[in-house]
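Data first, discussion second: the structure below is written as structure tokens.
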Amino acid sequence: MTARIAIAANLGIEPDEFEYGPFAQEGGLGRVHQLFSDQLGAILEALNSALVA
Numbered sequence: 001m002t003a004r005i006a007i008a009a010n011l012g013i014e015p016d017e018f019e020y021g022p023f024a025q026e027g028g029l030g031r032v033h034q035l036f037s038d039q040l041g042a043i044l045e046a047l048n049s050a051l052v053a
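Here it is in structure tokens:
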């Protein structure tokens, strides 16, 4: 499933979705944690709020 389809189907982004498609090719959830560490929850919350608005 592509990132766009996953977001459209779920109306949001969950951490496990980083293990699929283009995200996995760039390091997956491990890379996301490496880049954003403790800010990941707040970032996903903000993105998800914006997506459903």
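Just so we're aligned, residue 1 is where the sequence shown starts under the working numbering, counting upward by one.
Where is the CB? At the ideal position from N, CA and C, for every residue including glycine.
Since this is a predicted model, take the numbers as computed values, not measurements.
Which residues bound the alpha helix (DSSP H) around Phe36?
The sequence position of residue 36 within the sequence shown is 36, counting from 1. Residues 28 to 36.
At which residues does the alpha helix (DSSP H) containing Ile43 begin and terminate?
On the sequence shown, position 43 is the one that residue 43 refers to. Per DSSP, Ile43 belongs to the alpha helix (DSSP H) from 40 to 52.
Do you know how far the Cα of Leu47 is from the Cα of Ile34?
For this step, residue 34 is matched to residue 34 along the sequence shown. For this step, residue 47 is matched to residue 47 along the sequence shown. Reading the sequence as shown, one finds Gln at residue 34 and not Ile. Whole-angstrom Cα-Cα distance: 19 Å.
Beta-carbon within less than 7 Å of Ala43's beta-carbon, same chain only, minus the 5 sequence neighbours each way: which residues are those?
Counting from one through the sequence shown, the residue named residue 43 turns up at place 43. Rather than Ala, the amino acid found at residue 43 in this sequence is Ile. Contacts found: Phe36.
Any idea what DSSP makes of Glu14, helix, strand or coil?
Here residue 14 refers to the residue found at position 14 of the sequence shown. In the structure shown, Glu14 sits in coil (DSSP, three-state: anything other than H, G, I, E or B).
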